[in-house]
Structure formats: C-alpha cells, structure tokens
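Mapped onto numbering that gives the first Met the number 0, the consecutive letters of the sequence shown carry residue numbers 0 to 390.
Glycine included, every Cβ here is placed at the ideal spot set by N, Cα and C.
Nothing here was measured: the structure is a model prediction, and the numbers come from that model.
Report on the following structure.
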Amino acid sequence: MKENTEILYKGTEDREGALHPETPAIYHSSAYIIEDTKDYDFANNGGKYFYNRTANPNRDGLAEAISYLENGESTLVCSSGMGAISTTLLGLLKCGDHAVFNKSIYGETIELIEILKGFGVHVSLVDFTNIKEFENAMKESTKIVYTEIIANPLTLVVDIEKISKIAHSFGATVVVDSTFTTPFVIKPLDFGADIVIHSLTKFFGGHSDVTGGSITASNEIIKKLKQSYLLLGASLDANSAWLLQRSIKTMGLRMRAQLDNAVLVAEALSKNPHIQCVYHPSLENHPQHALASQIFSYGYGAMISFSVENNREKVDEFIRRLKVIKYLGTLGGIRTTLAHPATAFRNEFTEEELTKMGIHEGLIRISTGAEDVGDLIEDLNQALEVFNKAQ
C-alpha cells in the first residue's frame, strides 16, 4: 500500500497489554467496524457497538453505575437533564392523554408542559403536598404523574409513597425528578416510583464541568423510551460520560459533606435577624420535617432557600459582599453557590406567575458545598449585614 493509504491505519490497532487500565478508556469513535451484514444486524438489534448515538461503552458504564445507585434495572444516559425529561415525556405521552404535574417543579419543565399542551396532551398542575388535591386531579385518562421529591424553590417535600399508590390505582406511571435529592438521600424507585430522572450536571457531576442527564426504570419502560431517546438525539457524548463516571466515585463522600453542611447552614440562617424565613426540611418548623425524617436515608438535601427584605438593590449588594459563595447558574457543585430564582425565571414567567410559585425578589437559594461550614456561615452573616435597617 502507498504511504497515503497506510498512514490512515498505522497505530490504530488495540494495544497489547492495555486491556485493563485503572480508569476506563474514552471511546470517542463515532462508529465501529462491522464484519459483515450479519454482524450489522446483530449490532443494530442491541448487540452493540456500531454507531455512537446508538450505543457507547462509556455511556453504558455510567448507566450501570446509576442503575446500581437507584436500584433500577436499566438507565438511559442523556445529553442533559432536560434531554432526560423531554425523552421521558415525549416518549410516553400522546395526543389525548392526561398528565398530572406537581406545580412546584423546575421552571423549564413547566415550559416544556406548554409544548405538550400544543401536542394535545391535557395537563393538571396541582400541589402534591396536598394529597386530596392530587387525588381529585387524577382521571382514568391520566398516563403520567410527575413530581420532584424536594420541590423547587421552597423545598416542600412530597410523600412519594402515597402519591405512587394513588397514581398506580389509576394505572398511571410515576416519574420523579430526583436531582435535588440524589440516591444518597432517597431512592424513589424503592418508594413506588416507576421512573427516576436526574440532571447529572448537578450533584452527580459535582464539579460544574460537565452536562448530562439520566432516566432509570425497569427494562420494559426503558425499552419503550429507547426510540424517542435515539430520535431526539438525546444521547451523551463519550467524554462527558467518562467524566461523570469519574465523579460518581467520589459522590458519596461529597454528598455526605454537602448534606451535613446544609443542616448547619440552615440552622445558622434561621438564627440570623435579617432572615425572614428559612426553607430546609431539616428545620423542625418545616411543614414536612417529620415526613422528610421518615423517608430520607441521609440528610435533608443540600438545597436551602431563605427570604430577606424584598429589595432587589440590597439583594444585589448582598451577593456582591459574599467572599466564598458565588452566584452561579447551576447547582450541586462541590463549592457552595447561590441563585436568585426571580432573576432566573424573570423572562419566562410574569411577576404574577412568579408570586404564585412563591418566588419574589427577596428569595435566595443556595446549594451547599463541601467547604468548612464555619467559613460558609461567616460569609453569609457578614454579607447579610446589608439588610441592617440602621444603614
């Protein structure tokens, strides 16, 4: 063969002795060599591997780890949390179906609901902490019940076991976005949920350097979702899957530190005179503290919301005064971050809609990291002085 031909193949074979590295290899290849038409049929029918969007070893390794953590049979690894949510809802709902959503869920999920309505899906938004209201919303045509365990942004806790029993009595599938909780706080499938979704960008990734999502369920449900998953192009790239699998190895260590810090930070905030209200299930005055203590296996979640004076200018000054905690458009990282819900969804919802969701200018949300908790409390207390009425 000529040089121009041979150089295309030199050095590309598997290296002898490199079959058992301590960390998995990254499979960037967009396609895999097929032996013949029979081999293609085998691969195309699930035998793996032949095309990256269809199957990738890094995604499969990550999926195995997530399925293990969630006590699920199978997992689809997606390009983002919204990719996981869209794949699930578009894959299971059709025109004429009815779906019941918790009204306190991720804002972009609410935006997706508007698209579903355009496709002829009937939707009810109700308060899942009110079991009677939820039960009254159920219909014979209800196909999907969708909620988060810790509702955003006021950390209301849903009794997923009761919700699941009622939903199943109507033949509905229960979908839980467990991003805020993670399997270290609760495993929703163990409490009757059928599908558990994560934005892997958050606590699974943990380092604010990767984007991904996941859907974990029975083999039967995952098989139903596979077509929408592939046709929506929701599969995750190999490098991101590798990074997420790396991060899972330290997730338990990170989560315990973050969950412990959240309890102490929430307690400290509740004692600060500039705070009007703290929303965290660890606090005894939280409306679902007893429920959270019963169903959570460790901690109460790493997300805390609190209310201060409803003054945007002072809120901005508070944010600027913080030295350790940073304002970031995501959550779940190993470093503590802050978000301002009213600003995050100012363009998507009217002021009246935000108020109904419990969001106002004085509402601040933090995602606790793994720093020394004393540093976090000191940072918050000094920045909160901006709300001193004597100024």
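Within 8 Å, strictly: CB atoms of Y299 and V264 = Contact: no.
Which runs of the alpha helix (DSSP H), 4 residues or longer, sit entirely within the stretch 31 to 107?
-> Fully enclosed alpha helix (DSSP H) runs of 4 or longer: 36 to 41, 56 to 69, 80 to 91.
State the start and end residues of the unbroken alpha helix (DSSP H) segment that holds Y228.
-> Membership of Y228 in the alpha helix (DSSP H) is indicated by the continuous run 218 to 230.
Does the stretch 113 to 122 come close enough to the stretch 81 to 101 to have 3 or more Cβ pairs within less than 8 Å?
-> Remark: three or more beta-carbon pairs, one from each stretch, lie closer than 8 Å, so the stretch 113 to 122 and the stretch 81 to 101 are flagged as touching.
Run through DSSP, which three-state label would F169 get?
-> Coil.
What do you get for I220, buried or exposed, if any count of 16 or more other CB atoms within 10 angstroms of its CB means buried?
-> It counts as buried.
C-beta contact flag for Q280 and V156 at 8 Å = The residue you asked about is not Gln; residue 280 is Pro in the sequence shown. With respect to V156, P280 sits close: the two C-beta atoms are nearer than 8 Å.
Could you give the distance in angstroms between the alpha-carbon of S198 and the alpha-carbon of T215?
-> Roughly 12 Å between the two C-alpha positions.
Run through DSSP, which three-state label would D208 get?
-> Three-state result, D208: coil.
Sorted by chain position, which residues of the same chain lie with C-beta nearer than 7 Å to V385's C-beta, five sequence neighbours on each side aside?
-> Within the same chain, V385 has close Cβ partners K313, E316, F317, R320.
Nearest-angstrom Cα separation, counted from T249 out to A256 = About 11 Å.
What are the boundary residues of the beta strand (DSSP E) that M254 is part of?
-> From DSSP, M254 is part of no beta strand (DSSP E) but of the alpha helix (DSSP H) over 250 to 269.
Going by other Cβ atoms of all chains shown within 10 Å of its Cβ, with 16 needed for buried, is P56 buried or exposed?
-> P56 should be labelled buried.
Applying the criterion that 16 or more other CB atoms from any shown protein chain within 10 Å of the CB defines a buried residue, is L230 buried or exposed?
-> Exposed, because fewer than 16 other Cβ atoms sit within 10 Å of the Cβ of L230.
Does the Cβ of D176 have 16 or more other Cβ atoms within 10 Å, making it buried, or fewer, making it exposed?
-> Here D176 is buried: its Cβ has 16 or more other Cβ atoms, across all protein chains shown, within 10 Å.
Residue environment, H273, which counts as buried when at least 16 other CB atoms sit within 10 Å | Classification of H273: buried, given that the 10 Å Cβ count is 16 or more.
Determine which residues share a DSSP beta bridge with H121 and list them.
-> Answer by DSSP bridge pairing, in chain order: H97.
Using the C-alpha atoms, what's the distance from L290 back to I333?
-> Taking the straight line from one Cα to the other gives about 27 Å.
Status (buried if at least 16 other CB within 10 Å, exposed otherwise) for Q390 = Confidence is the limiting factor: at Q390 the pLDDT is only 49, short of 50, which leaves the residue's position unreliable, though a coordinate-based value still follows. Its Cβ having fewer than 16 others within 10 Å, Q390 is exposed.
Since P152 and S366 are thought to touch, with beta carbons under 8 Å apart, how far apart are those beta carbons, to the nearest angstrom?
-> 11 Å between Cβ atoms; not a contact.
Quick one: what's got a C-beta closer than 7 Å to D378's C-beta in the same chain, skipping five residues either side?
-> Correct list, in chain order: L321, K322, V323, I324.
Identify whether T215 lies in helix, strand or coil by the three-state DSSP scheme.
-> Secondary structure of T215 (DSSP, three-state): strand.
Where do the N-terminal and C-terminal ends of the alpha helix (DSSP H) with S246 fall, by residue?
-> In the DSSP assignment, S246 falls within the unbroken alpha helix (DSSP H) covering 237 to 247.
Check whether the Cβ atoms of G368 and T335 lie closer than 8 Å to each other.
-> A contact, by the Cβ cut-off of 8 Å.
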